Amino acid sequence: MAVMKPGSTGNGCSEANDAEARIARLERQVLRERMARIEAEAIAEKGLRDLFESTRRISLLQKITEIANSSNEVNASIKAALDEVCCTLGYDFGNAFMLDGENRICACDTWFVQEPQDFARLVAVSRKAEFEVGQGLPGKVVASGDIVWTRDLYSISGCTRGKEADACGLASACAFPVRVENEIVAVLEFFARKPVHETKELSWLMNQIGTQLGRVMERQRAWSLLQTARHDTLTGLPNRAILADRAQAVFASLPPDKSGMAMLVLDLNGFKAVNDRHGHHSGDKLLTLVAARLGRAIMSWQEHHRLGAKTLLARTGGDEFVLMLHGHLDPKSLSFLAETIHDRLAPPFRMGNTSLNVGASVGIATGTTVHESHDHLLRDADLAMYEAKKLGQSRTVMFTRELGTSVRRARQLEGEVRDAVTKGQFQLHYQPIFSLGPNTRICGFEALLRWNHPMRGLIGPDEFLACAEDIGALSTIGEWVLYEACAAIARMPPMGYADDAPFVSVNIAPEQFLLPNFVDQVKSALNGAGVSPSRLKIEITENVAIIDAAAAAAVLTEIRQWGVKASLDDFGTGYSSLSYLHQMPLDSLKIDKSFVAALHEPKNVNIIRAIVDLARDLELTIIAEGIETGEQARILASFGCQLGQGYLFGRPRAQWDIFGLLAA
Ligand code: C2E
Ligand code: MG
Ligand code: MG
């Protein structure tokens, strides 16, 4: 470059100056252009780098979204996400935690590490680590509800892992939440040896990954809810919902005569007692053992019969199992199946130190043209099972149309009896009891229950008492009878003779008599009506003594102390053990009407004589039931029978009717 000497002047000199100035300008321009180029290059490079980074982030997010879309398996998706994040973003170690529902954050043994040998210690402590909310890196995420970035690894990774993190030479870490709706369900943490700086873009990316993994967890939650709802958690068998689904499909595929489908309903006998005596844990264990034996019974039946029938065993209730069968089925093979099941269940179930015997009642129904749905078929099998239960242990009943009709009638009656109790449709009729012999007169009445049915009119007890007993309503009805009879005694008009006011006899069923509060019932019925205990007589049957002779004797002793009388009803028709007759504190004995009706047979004459002699020895009054003719009354009186009742003297009649007669 030409440089003008200082002090030089003139044209030659100014030219030289101009040239120098131009050169200097050019030099500045060149410099500016270079700077601009470097700057442009730097901008372009940064742009490219940003573009590259953002492309990587986008492709990472894309991969994780694909994983989330295609997987229902939470741990596999998390593992894949850990791998991808570590490899793409340069983290050395990634680890996952789940929230256990009790605010503990527990590592789920799902992790990724770039160089296993360097991170062995950290991995070992991290894969089983647990944190409280606020504690350690995962705890901070749950506490803040947001992504956490840190360079202070020692303190933030939790005292438990600080040393290990330091030893690995880690420089930075971050952790972010995985959410299902607003609830944090998991936390993912990442550690790097290089410093990873918090940026808006990275934070956005981590949040997006959390959202995608949340979708997998939400789907898995829904799926497991569905599974739990459709499978019995105890035995692993399908539940009622699955059975209904499959049965509906099978039923829809049946030919018009609906053949080729059967339902077998099985209910364990004595399962409640196992639960009560040995606890629910044993009950649960027993159910799983029963399910296993049923499975084996079905398999062995299939092997034997080679019918190719398809089966589905479901647990549909506490101790109830249903087996759906479809394919070629014949009644013989179904009976054989039931037998196989009973055989398999017969050996005692060994549970710890105890062994339990549990049989089952089995009901079977096969598809017929009358069946309109799978439900209908199942209902019939259920009815058959209830019949089997009535027959006792380990029985099988095949559903028939006749059985259906009679069971449906019984069910209807049960409903009506329940209604009758709540609507107060019962009333008492009274049959007079007379002294036998020349000076015959009314000594008392027997209160007899009638049901004033809204459609059928008056119905006698033989038609509904057994049903009331089945549905557990007998004691309630009996208590009402006791109160009503005492109230009737109070309402009874005075008789012509004042010495011995007539008694009212009330029939008491064993289940009522043996209730712990029966004595109180009697007391409060008498007190409520304000009548003398001597006007009340209770009639029990021999069954009471058979069930619990000692308890029965205690009750009788107590109420007789107050003056209440006690009679043994229907004597001769039941167990008739003389030994308990001696133990029972009784006042009278009623000879059953079947003996009276057959008085013309010498055998019955002898029985009645023997009963009368026995009663006399025991100082009991004898009452003969069912006297219909004068001849019967005469013979009975001649044997020494003191009292009698029967159509000869009067039929049971409503209170207003009979008491009106009394007054007259
Ligand atoms: P039960 O206690 O032996 O009552 C006598 C039954 O014989 C009554 O039948 C009565 O109507 C009937 N009877 C009376 N005289 C004659 C007769 O001359 N000929 C014939 N063929 N029958 C006669 P009912 O009223 O149908 O009662 C049947 C059974 O129902 C009673 O037998 C009793 O065991 C039971 N029962 C009636 N009312 C009640 C009650 O309030 N509670 C309980 N637990 N059982 C009752
Ligand atoms: Mg009676
Ligand atoms: Mg009787």
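According to our numbering, the residues represented by the sequence shown are 107 to 770, in order.
Backbone N, C-alpha and C fix where the C-beta goes; we use that ideal spot for every residue, glycine too.
Remember, it's a predicted structure, so these values are computed and weren't measured experimentally.
On the CB-based measure, 16 or more other CB atoms within 10 Å of its CB, does residue i come out buried or exposed?
i, result
"glutamate 295", "buried"
"aspartate 198", "buried"
"cysteine 193", "exposed"
"cysteine 119", "exposed"
"valine 136", "exposed"
"histidine 303", "exposed"
"lysine 111", "The pLDDT assigned to lysine 111 is 47, lower than 50, so where the model puts this residue is not dependable; a value taken from the coordinates is nonetheless given after this. Label assigned to lysine 111: exposed."
"proline 758", "buried"
"alanine 148", "exposed"
"threonine 647", "buried"
"serine 359", "exposed"
"lysine 300", "exposed"
"valine 476", "exposed"
"methionine 561", "exposed"
"lysine 306", "exposed"
"isoleucine 129", "exposed"
"tryptophan 762", "exposed"
"glycine 750", "buried"
"valine 109", "Interpretation of valine 109 is limited by its pLDDT of 43, a score under 50 that renders its predicted location unreliable; the figure taken from the coordinates is listed afterwards. Exposed, because fewer than 16 other Cβ atoms sit within 10 Å of the Cβ of valine 109."
"isoleucine 583", "buried"
"aspartate 156", "exposed"
"aspartate 675", "buried"
"glycine 251", "exposed"
"isoleucine 653", "exposed"
"proline 453", "exposed"
"glutamate 133", "exposed"
"alanine 125", "exposed"
Start and end of the beta strand (DSSP E) containing residue i?
i, result
"aspartate 215", "210-219"
"threonine 472", "466-472"
"alanine 428", "The sequence as given places valine at residue 428; alanine does not occur at that position. Looking at the DSSP string, the run of the beta strand (DSSP E) that includes valine 428 is 426-432."
"glutamate 238", "236-238"
For the alpha helix (DSSP H) containing residue i, name the first residue and the last one.
i, result
"histidine 480", "480-497"
"alanine 202", "Looking at the DSSP string, alanine 202 is not in any alpha helix (DSSP H); the run it does join, the beta strand (DSSP E), is 199-205."
"phenylalanine 442", "437-451"
"glutamate 575", "571-576"
"valine 247", "242-250"
"threonine 194", "180-195"
"aspartate 54", "Here the chain covers residues 107 to 770 and nothing more, so residue 54 does not appear."
Let me check one thing: in DSSP terms, what residues is residue i bridge-paired to?
i, result
"tyrosine 536", "Ala553, Arg759"
"cysteine 280", "Trp255, Phe296"
"histidine 559", "Gly563"
"threonine 460", "Met457"
"glutamate 289", "Val286"
"arginine 421", "Phe427"
Sequence ranges, beta strand (DSSP E) only - wholly within the region 644-705, length at least 3
Listed in chain order, they are 671-677, 694-697.
Pair every Cβ in the region 440-454 with every Cβ in the region 399-408, then say whether three or more of these pairs are closer than 8 angstroms.
yes
Taking contact to mean at least 3 C-beta pairs separated by less than 8 angstroms, is the region 533-546 in contact with the region 735-752?
yes
Evaluate the contact criterion for the region 491-508 versus the region 724-733: three or more CB pairs, one atom per stretch, below 8 angstroms.
no
My parser needs the beta strand (DSSP E) runs of 3 or more residues fully inside the region 698-765; what are they?
727-730
Only counting runs of 4 or more residues, tell me where the alpha helix (DSSP H) segments fall wholly within the region 334-418, in order along the chain.
DSSP runs (the alpha helix (DSSP H)) wholly in the region 334-418: 346-358, 377-384, 386-411.
Decide yes or no for the touch test of the region 337-350 against the region 309-319: beta carbon pairs closer than 8 angstroms, at least 3 of them.
no
With a floor of 4 residues, list each alpha helix (DSSP H) that falls wholly inside the region 586-648, ordered by position along the chain.
616-619, 624-635
Jot down the residue ranges of each uninterrupted beta strand (DSSP E) in the region 502-548, minimum 3 residues, whole runs only, in chain order.
502-504, 532-541
Using 8 angstroms as the threshold, is the region 229-246 in touch with the region 267-275, meaning 3 or more CB pairs across them?
With the cut-off at 8 angstroms, the region 229-246 and the region 267-275 touch.
Which runs of the beta strand (DSSP E), 3 residues or longer, sit entirely within the region 301-337?
none
With three or more beta-carbon pairs closer than 8 angstroms as the criterion, would you say the region 468-488 touches the region 359-371?
yes
So, do the region 634-644 and the region 570-583 have three or more beta carbon pairs nearer to each other than 8 angstroms?
Taking 8 angstroms as the limit for Cβ pairs, the verdict is that the region 570-583 does not touch the region 634-644.
Would the region 462-469 and the region 432-439 be scored as touching if the rule is three or more Cβ pairs under 8 angstroms?
no
So, does the region 522-534 touch the region 553-560, judging by three or more C-beta pairs under 8 angstroms?
yes
Specify whether the region 650-667 and the region 702-717 touch according to this definition: at least 3 beta carbon pairs, one from each stretch, less than 8 angstroms apart.
Contact fails: fewer than three Cβ-Cβ distances are below 8 angstroms.
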